[in-house]
Amino acid sequence: MLNLITFNRWWDTGEVEKVYLKPYKRRLFYTIKKFLEKRQIILIYGLRRTGKTVLMYQLIDFLLKSGVDKKRILYFSFDEKIASLEELFRTYKELVLGKDILKEKRIYVFLDEIQKLENWQNQLKIFYDLYPNVKFIVSGSASLVISKGAKESLAGRVYEFVLPLLSFYEYLDFLGEKIPSVENIFNLSQLKEIYLKKERIVPLFFSYLKNGGFIEIAKEEDELEIKEYSKSILEKIIFADIPLSFKIKEPQILRAILELTASHPGFLLDYSKLAEIFKKDQRVISNYVFYLAYSLLIKLFYNFSGSRFVSERKLKKVYLGSTNFIFQFFPEKISQPEFLGKMIENLVAMFLDNNFFWKERQNEVDFVLKNNIPLEVKYKDKIEGKDLKSIFKFSQKFGSQKAIVLTKEELKKEKINHLQIYFIPVWIYLLKSDEILSGDNFVP
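The number in our numbering is simply the position in the sequence shown, starting from 1, with 1 added.
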């Protein structure tokens, strides 16, 4: 019989042990609270060590303090032990409830690292349909398998939420710096108020760039400790998680692809060249890139064409899931202005949910936002006319009315011909409200 008591000590004490709780609550905590009484499954996924387990314990703590019977809350981690949902529910019924689950009031079931459960989406679908009084809150560390599984098997039954790395706004909030989030990036009067805090905030921006948004090292200043932290994450995913999921024999190639990405953030993906470099078949390299994206270690961007289907078949660019990984491989390069600019470009990529860039002949735009807004990262002392050439080409082709240029210092707007260009310091842009919490999370 499963030992569920180890996972659920509140059945005895009535509270979550403080060691599992952290005082700081992510923005996503407040969003998910609103969905706890809805019938649908809550699915939380994100990179390892972003705080998914802590978030689940905070939600359990909230339920207990809201008066939910302690025995109607079940937590289980598939990272610690593998069991079928049938075994889990049977043990819970016999050990804790002592009666049919359907005869109980609403039960909250938290399932951590669910991607490690074989055929998880179909098992979850069966138990969701079988027990209408059970509210499932599940988490996982893999993006593509989880999201694909949810869409295929759990359509109409699930709300998806990504728990990202700390945004720059959350990072400052975590440190106790009370800066307003930017609700409208085109409101220059608000941006100018924030700009006055530059002397205090910019040094923190560079610390944030190194820790890459990982909450556990948000206050860490020792660069060796920061490197060791990211090394432990990468080794766990590359040499344990991915080989376990996909039975690969050469995880060192995964690491080599990551190192290549760290040396050239945003490079154009060419499977034939990579196959030549690593002396492997193109299909093998394509699979390895998929595995890295699956585990959220890298993020793929597609060449914008106006059609998502066409875009995803064209050129791709690759960024790392955290700038902390760049610092892990090349800590000395952060002092090089050109490389620093690419690292900051990677930082911007981390928090965009519209995964597009644009390249046509000699013209290239770093990112394409919703509503066909081009965005360029120009982290340099002086921005010249030639830096805007591709933005104008894109705007002419796709009818854009606005464009954004992320800068080192400049904060202004300028209308050139038909195009309104907003020049915004990158650290201010990263204070914008999280796109991920827009509420568009339901999988129909």
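We put the beta carbon where it would ideally sit given N, CA and C, even for glycine.
Excluding five sequence positions before and after residue 9, the CB atoms of its chain that fall closer than 6 Å to its own CB belong to 76, given in chain order. Going by beta carbons, residue 238 and residue 28 fall outside the 8 Å limit. The distance from the Cβ of residue 320 to that of residue 355 is about 14 Å, inconsistent with a contact at the 8 Å cut-off. Just so you know, the alpha carbons of residue 155 and residue 120 end up roughly 12 Å apart.
Here residue 141 carries a strand assignment [DSSP, helix/strand/coil]. In the displayed model, residue 404 falls within a strand according to three-state DSSP.
Closest in alpha carbon position to residue 415, among 397, 409 and 386, is 386. Contact between residue 115 and residue 139 holds, with the beta-carbon distance rounding to 5 Å and staying under 8 Å.
For residue 204, there is no enclosing beta strand (DSSP E); the enclosing alpha helix (DSSP H) covers residues 199–212. At a Cβ-Cβ threshold of 8 Å, residue 391 and residue 365 count as neighbours. Burial is judged here by how many other beta carbons sit within 10 angstroms of a residue's own beta carbon; residue 171 has at least 16 and is buried.
Distances from the alpha-carbon of residue 222 to those of 287, 234, 62 and 207 put 207 closest. For a cut-off of 8 Å, the C-beta gap from residue 196 to residue 426 is around 7 Å, short enough to register as a contact. Per DSSP, the unbroken beta strand (DSSP E) holding residue 421 starts and ends at 420–426.
Counting along the chain, no beta strand (DSSP E) covers residue 115, and no H or E run does either. Linking residue 345 to residue 335 through their CA atoms gives a straight-line distance of about 10 Å. DSSP, read as helix, strand or coil, puts residue 349 in helix. No Cβ-Cβ contact shorter than 8 Å links residue 210 with residue 51. Collapsing the DSSP output to three states places residue 364 in a strand. Residue 129 is positioned such that its CB atom lies no closer than 8 Å to that of residue 61. Apart from the 5 residues on each side of it in sequence, residue 413 sits with its Cβ closer than 6 Å to the Cβ of 424 in its chain, given in chain order. Under the 8 Å Cβ criterion, the stretch 7–23 counts as touching the stretch 55–73, having at least three qualifying pairs. Burial of residue 408 is indicated by the presence of at least 16 other C-beta atoms within 10 angstroms of its C-beta. Going by DSSP, residue 274 is part of the alpha helix (DSSP H) stretching over 272–279.
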